[in-house]
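These notes concern the structure reproduced below.
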Ligand SMILES: [Zn+2]
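In the working numbering, the protein residues as written are 2 to 391.
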């Protein structure tokens, strides 16, 4: 078990593969700066060989990021590798992410290459790259559908040629946490020099298991989580780094690892990415959804007001969010009184015997009761009872 887990962000590469997402250069620079402050170890800024725009963006990001490594993606093709070397050369910490598919289906239908040809390619291209870049991430694409012994052979070849980080992509989001943990277990047992390199997870959310899989990887020897902000990415997206970092923090006794993530900045960075992608975070999304810290029912609100820990496993301020007790037809007298007090009305439990039935009759007709509606209700009560609660 490792003592520290780092985060590798691919919001601007895998994340940009989200349908309909195309960041402008200014948006990318803003996101890169926020990520640098957020405490990620590496920022995958793009795929320089894909287009002139991508090349320029990686180059600009390499110039503004001061803490994190700046990474460019490359297929195992010299042109791609050269583009990354060129685009990241002004980075304080340049890094390349080179990948080649290793699974039978990709070998046969996509690459038309034999196992031997793939191993030769890994050896030649990593050796070539090592002359110009110290930090090399190697990804056997579709690793989780690759024969375990061929996965070991591919990864061993990359390490022997100079790769410093091995990334294990669950490219199609198919594995269960147990299976994904097994993949790392197999590597840990069979790779010579396992501890001399870093190991990262790369999980997709097709079956809703991206976060669980990333954490299973960590429990089985991975040292880094590759993910995105708000879980954007190809198809159903990647693991949401905020979710994974929050889980590690909240369940510290379980994972027993530290991270450099400044969790309190989560809301800020989530908002920046939501705006740039025009993809608002779903209300019921873990951690960053607007309902994640909202309690509506009377029983929950009453418990929450007595002690937040009755229904709250992490404090909203830990991730830069705020709690809310929206008032609606399910709310109880305690929550309504608490809200009225916060709005400046000096009402007691006794007063609520008069106020609450009126609130209830309005709430039954509405969805949520706003502060403005509450003030109108109080006006009605004050006129009827000929008192002032202010
Ligand atoms: Zn991916």
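Heads up, the beta-carbon is just placed ideally off N, CA and C, and yes, glycines get one too.
- When beta bridges are read from the DSSP output, residue 142 appears opposite 102.
- The C-beta separation of residue 277 from residue 57 comes to about 17 Å, leaving the pair out of contact by the 8 Å criterion.
- Within the chosen limit of 7 Å, ligand 1 does not reach the beta carbon of residue 145 with any heavy atom.
- The closest CA to that of residue 116, considering only 35, 152 and 316, is found on 152.
- Following the DSSP letters along the chain, one finds residue 201 inside the beta strand (DSSP E) bounded by residues 199-204.
- The beta-bridge partner set that DSSP reports for residue 171 consists of 204.
- Under the DSSP assignment, residue 129 falls outside any beta strand (DSSP E), being part of the alpha helix (DSSP H) whose first and last residues are 116-131.
- Under DSSP, residue 241 forms a beta bridge with 229.
- Residue 202 and residue 355 have their C-alpha atoms spaced approximately 58 Å apart.
- In this structure the segment 130-148 lies against the segment 168-186, because at least three pairs of beta carbons, one per stretch, are closer than 8 Å.
- The shortest C-alpha to C-alpha distance from residue 323 to any of 289, 118 and 63 is the one to 289.
- Residue 34 carries a helical assignment under DSSP once its states are collapsed to helix, strand and coil.
- By the Cβ rule, the segment 289-304 does not count as touching the segment 19-35, because fewer than three pairs are nearer than 8 Å.
- By the neighbour-count definition (other C-beta atoms within 10 Å, threshold 16), residue 85 is a buried residue.
- Residue 96 sits in a strand when the DSSP states are folded into three classes.
- Per DSSP, residue 10 is one residue of the beta strand (DSSP E) stretching across 7-10.
- Judged by DSSP secondary structure, residue 46 falls within the beta strand (DSSP E) whose first and last residues are 43-47.
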